[in-house]
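Reviewing the structure listed below.
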Amino acid sequence: MITRRREHIWLLMPTIVTLFLISIFPLIYAFNVTLRDYSLAGGKQVHDFNNFKNYAYLLTNKEFYHSLWVTLKFAALCVSIELALGLGLAILFSSKHYRLGSAGMMIMLPMAIAPAVIGLVFRWFYSAEVGFIPYFLHSIGLPSPSWNSKGTAALFSLVIADVWEWTPYVFLIATAGLKSIQEEIYEAADIDGAGGWNKIWHLTMPMLRPTIIVIILLRAIPALKEFDKIYIITDGGPGTATEAASAFIFKQFLWFNNLGTATAAAFILLIIIIIASQVMFRYLRRHEEW
Amino acid sequence: MVNAKQRVAKTAGTIVRYAAGAAAIVFFVFPLVWLLKASFNKPIDAITLPPVWIFRPMINNYLEIFRGEPFLRFLKNSVLVSSFSTLLAIVIGLPAAYAFARHEFKGKSDLAFWILSIFMFPPLASILPYIILFNRLNLVDTIPGLTLAHLGMILPIAVWLMQRFIREIPVELEEAAFVDGAGTVQRILKVIIPMTASGIAAAAVFCYIFSWNDFIFALVLAPVSAKTLPVASVSLSSWAYINWGKISAASVIITFPVLVLIFGARKYLVRGFTFGLK
């Protein structure tokens, strides 16, 4: 080829140095913080090694385990609902005769909207006094759950906002995946007289498997670290019902000014996410040409 | 021969499709239409239920956030942070993207996936140490500080997207330049950049949007003087009496540039939001 030996080192250098300085070094530094008593409150400048007290505190803390459980529930609900809706829509509009066209562009809008804006709109929509959702449910004769005071309803209020934000994304990836399934196979199935459901179940689903796995992984990781919408819509409440891991970490930091514990919790979340993303990458690398 | 049963099934299918399509469009577009409407309402009309759809639009909400609050400064902060972090990500990332696309070396895919995994990290894991480090470097609540934090977040995406777009350029074009004696830097400048201009622009669009939309980094690292639009609009909602008209206007101001950028980069939508993974 046309490349000189070892030239790539110089090309890669700026990116590697930058990422080391602003992403990796802070993490190493953070690990050091997790081993100490650390508070930003004035006066206290000595940060002693505290014998893994931060980790011990977390691993015996019910609220921390609860936050991990909330994180898992939230991620599982979001990923499964988004997958079902996004894939369903993609299949419905995959045939040549029914493309969404420019209307399809319109349903892409949510994923470009700032999470802060989405949080604000949904917080407004769920409000008991001025919210559109309680009003709408009442006007069609349905009872409206108390979104702000019941734990399950509050969790679902977050899931619904996330479904609104990311179902179009799933639809987009699923549509691209469906397009790559060759049309001839479909035509062959038509000649054999395979009906709609049969075709979807026995032909489309198996061929879409790589796409489905990519979707699950690309959605699961952001869902595990979700913070913005939780902070804005429920702020972890009522009580700690929707306090996912990120919200727990933030609370340790902001309310208790306990940087050591907060960072240790962030580290545990980081490890969970690294494991999840390694699973993802191991799968994706088999499908990428490198 | 088409029999009656098949015809009924086909009609039913069409109806289901139209109904599902219409429902999806209403569901995904409605909150945005609502915001747009409320931003032109009088504050009291913005929260009236049932909603009033026919009204005389007024721009007081927009005037008020610029007059009553320092929104012009927040807007400027947002533009500066997103522009600088995007520019840095593209300039720093382009050579690396070129190396990933064109060079063969040991551990290439490990390195590429290591870079991408940084984007997957939970923001809080790096934000907390940033608080301490920025304190020492006097970067707390400054534009350069937030720009650096955003650069750490978007540089991996910039590298991944650009390497994907460079791969799509036939290598023969570069070989011709190589025969003419052009070195790597010249080939990047004279062949790669012109050929992948729209791809690089799309990568920049996605970096810009990630930085522009960021909430958590800005919330912690830029609480007062370097405050950006998303944080500013959320802090509008912390008053006892929430003026939803003003919040809607702020939300429209955050959203509008993103929609323009996304429309410009619509060809790259799938690749952009999947980081160029297949």
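Protein chains in written order, with the numbering used here: chain A, 246 to 535; chain B, 2 to 279.
Where is the CB? At the ideal position from N, CA and C, for every residue including glycine.
query	result
Does the separation of the CB atoms of B:F216 and A:A406 fall below 8 Å?	no
Within a Cβ cutoff of 8 Å, which residues of the same chain sit near B:G153, ignoring the five residues on either side of it in sequence?	I119, S127
Which residue wins for smallest C-alpha separation from B:V92, given the options B:V27, B:G273, B:P123, B:L156?	B:L156
Tell me where the alpha helix (DSSP H) around B:D111 begins and ends.	109 to 121
What distance in whole Å lies between the Cβ atoms of A:L400 and A:S389, which are believed to be in contact at a cut-off of 8 Å?	Not a contact, Cβ separation roughly 16 Å.
Chain A partners of B:I45, CB-CB under 7 Å?	The premise fails here: B:I45 is roughly 11 Å from chain A at the closest Cβ pair, so nothing lies under 7 Å.
List the residues of chain D whose Cβ lies closer than 7 Å to the Cβ of B:M121, in chain order.	The displayed structure is made up of protein chains A and B, and chain D is not among them.
Could you run through the region 122 to 139 of chain B and flag, in chain order, every residue whose CB is less than 9 Å away from some CB of chain A?	F122, P123, P124, L125, A126, S127, I128, L129, P130, Y131, I132, I133, L134, N136
Is the region 60 to 67 of chain B touching the region 77 to 92 of chain B in the sense that three or more CB pairs, one from each, lie closer than 8 Å?	no
Are the region 241 to 253 of chain B and the region 32 to 49 of chain B in contact at 8 Å, needing three or more beta carbon pairs?	yes
Can the beta-carbon of A:S491 be found less than 8 Å from the beta-carbon of B:L125?	yes
Would you report the Cα separation of A:F493 and A:F501, rounded to the nearest angstrom?	11 Å
Would A:I247 pass as an interface residue toward chain B - the criterion being a Cβ-Cβ separation below 8 Å?	For A:I247, the predicted model reports a pLDDT of 49, less than 50, meaning its position is unreliable; a value from the coordinates is still stated below. Chain B, which has a Cβ nearer than 8 Å to the Cβ of A:I247, makes this yes.
Kindly list the residues whose CB is nearer than 8 Å to the CB of A:K195, restricted to its own chain and excluding five residues on each side of it in sequence; keep chain order.	Any question about residue 195 of chain A goes unanswered here, given that chain A covers just 246 to 535.
DSSP three-state call for A:R281: helix, strand or coil?	strand
Should A:D473 go down as buried or exposed, given a rule of 16 or more other Cβ atoms within 10 Å for buried?	buried
According to DSSP, is A:S491 part of a helix, a strand, or is it coil?	helix
At the level of alpha carbons, what is the spacing between B:N78 and B:S236?	16 Å
Taking the alpha helix (DSSP H) that B:P258 belongs to, which residues open and close that run?	245 to 265
What is the rounded straight-line gap between the Cα of A:I445 and the Cα of A:N295?	58 Å
With a threshold of 8 Å between beta-carbons, can A:K298 be considered close to chain B, or not?	no
Starting from the Cα of A:S425, find the closest Cα among A:F495, A:M350, A:S339 and give me that residue.	A:S339
Could you check the C-alpha separation between A:A419 and B:F179 for me, to the nearest Å?	41 Å
For the pair the region 251 to 259 of chain A and the region 91 to 111 of chain B, tell me if three or more CB-CB distances fall below 8 Å.	yes
Tell me the start and end of each unbroken alpha helix (DSSP H) in the region 378 to 437 of chain A that is at least 4 residues and wholly inside, in chain order.	396 to 425, 428 to 437
Does the region 449 to 467 of chain A come within contact of the region 361 to 378 of chain A, defined as at least 3 CB pairs closer than 8 Å?	no
Would you say B:I144 reaches chain A, if we count a Cβ-Cβ gap shorter than 8 Å as a contact?	no
Quick test of your reading: B:P130 and A:Y274, contact by CB under 8 Å. State the CB separation rounded to the nearest angstrom.	5 Å
I believe B:I167 touches B:T197 by the beta-carbon criterion, under 8 Å. Please report the beta-carbon distance rounded to the nearest angstrom.	6 Å
Between which two residues does the alpha helix (DSSP H) containing A:W314 stretch?	307 to 337
How big is the Cα-Cα spacing for A:L417 and A:I460?	10 Å
Please check if any C-beta of chain B sits within less than 8 Å of the C-beta of A:Y380.	yes
Measuring alpha carbon to alpha carbon, tell me which of B:G184, B:V192, B:Q164, B:V160 ends up nearest B:E173.	B:V192
Quick one: measure Cβ to Cβ for A:E240 and A:M356, integer angstroms, because I've assumed they're closer than 8 Å.	Residue 240 of chain A cannot be examined here, being either before or after the span of chain A that is shown, 246 to 535.
How many Å lie between A:I267 and B:W115 at the Cα?	15 Å
Taking B:A266 as the reference, which of B:T256, B:R8, B:S199, B:K107 has the closest Cα?	B:S199
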